[in-house]
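Quick notes on the structure that follows.
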Amino acid sequence: MTATITPDASAPAAGAPGAPSRRRKRAFGRYRMAPFLFTIVTAALFALFFLWPGVLGLSYSLTDFRGWGDANFVGLDNYTKLFGDPSFYGALARTFVFALFSVPLSYALSLGMAVAINATHAKGKTAARIIFFLPWLVSPIVTGVIWRWMFGESFGFVNFVIGMLGGERLPWSSNADLSLFVVIVASSWGGAAFNMLLFVAALNNVPQSYYEAAELDGANGWQRFRSITLPSIAPTSVLVILLSTLGHMKEFALIQSLNGGGPGTQNRLVVQYIYETGFKQSEIGYASAASMVLLVILMIIAIIQLRISRRSNNSW
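Take the sequence shown: its position 176, counting from 1, is numbered 176 in UniProt numbering, and each next residue is one higher.
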């Protein structure tokens, strides 16, 4: 006698919605929940550490708040006073001069180190990467102290070497231009390591077949670098220039520990101006107005560089 097996009506048929489908939906729900949670956390941190301080600074810039007491609304009086303050224009102009020389020097140093490390026949790449990256591990305050010791007028190592060679000691601290030169070199030296890593990653993505074809055509090293390397790393170059510009425009710790904006206030940058106005003179509202102006300037610089990058990418 043959047994007849009848399908269980309660069991889900193949392709019909059932337990496996529900498990897939639950798994899909988990995959959708994780990005949502990460986004919420990121948005909360951004609002707490960036958006809220920005709103607070904007609100303070419209008041006469001095760090204590009531904050009386004064409208645009702080901005009117700021735009008529020659000290603010002097600090802002010195900041632009500082960035104008620091950014190209930092770019050249970081790109040169990256090319040297990425060279095919270079030896000691691991040791070179460690040595080149050491300045990035040093605090800007420590960097300023080191360079202050090196370029001290009466006790500096550089003047000691110059004197040993029979030269005349240079006024690194009392001369405004020489003091700014030391800050430019120290800042470029300290920030070149991070940019070097960006360039190393970009250089590794350039196809070697381009260099081989150019070498077969008789192109020398400089021609290959100019015609292949620079165009290939152009997006990274724009990023490095943008980050370097924003970083140097906000420089504070290094110059504060190196020369304090001296001699006098001749090398006082705009962030130092904001710090001294807000914390030393207790004019929080006025310093907040200067911060808002600096924020607008940095946003304009970033937008201009991003538009230039977009046009360059479209042309290539």
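Heads up, the beta-carbon is just placed ideally off N, CA and C, and yes, glycines get one too.
- DSSP places T265 outside both helix and strand once states are collapsed to three, so it counts as coil.
- A direct Cα-Cα distance of roughly 14 Å separates I308 from V240.
- Per the C-alpha coordinates, the member of V55, L294, F73 positioned closest to T63 is F73.
- Our two residues, I233 and S227, have alpha carbons roughly 11 Å apart in a direct line.
- Spatial neighbours of A71 in its own chain (CB-CB distance under 6 Å, excluding positions within 5 residues in sequence) are listed in chain order as T63, F65.
- For T120, the three-state secondary structure derived from DSSP is coil.
- F151 sits in coil when the DSSP states are folded into three classes, being neither helix nor strand.
- For G261, the closest C-alpha among the options S174, W136, I130 is that of S174.
- In this structure, the CA atom of G166 is about 32 Å from the CA atom of I131.
- Taking 4 residues as the shortest admissible run, the region 90-143 contains the following complete alpha helix (DSSP H) segments, listed from N- to C-terminal end: 125-137.
- Counting the other CB atoms within 10 Å of its CB gives A201 a total below 16, which places it among the exposed residues.
- With contact defined as three or more Cβ pairs closer than 8 Å, the region 145-165 and the region 193-200 are not in contact.
- DSSP, read as helix, strand or coil, puts F36 in helix.
- Using a Cβ-Cβ distance cut-off of 8 Å, the region 147-155 and the region 205-216 are not in contact, since fewer than three pairs of beta carbons, one from each stretch, lie closer than that value.
- If you ignore the 5 residues before and after K125, its C-beta comes within less than 8 Å of the C-beta of I117, all in its own chain and listed in chain order.
- Cβ contact annotation for L111 (same chain, cutoff 7 Å, sequence separation greater than five): F199, in chain order.
- In the pairwise beta carbon analysis, the region 180-198 is classified as touching the region 239-255: at least three pairs are separated by under 8 Å.
- Residue pairing by DSSP leaves T80 without any beta bridge partner.
- In the DSSP assignment, I255 falls within the unbroken alpha helix (DSSP H) covering 253-258.
- Considering only T120, G190, N159, the residue with the shortest C-alpha distance to I141 is G190.
- Taken in chain order, the complete alpha helix (DSSP H) segments of 4 or more residues contained in the region 172-244 are 176-204, 208-216, 221-224.
- As a beta-bridge residue in DSSP terms, F73 pairs with T63.
- In terms of CA proximity to Y107, A192 leads the group G67, A192, D217, R169.
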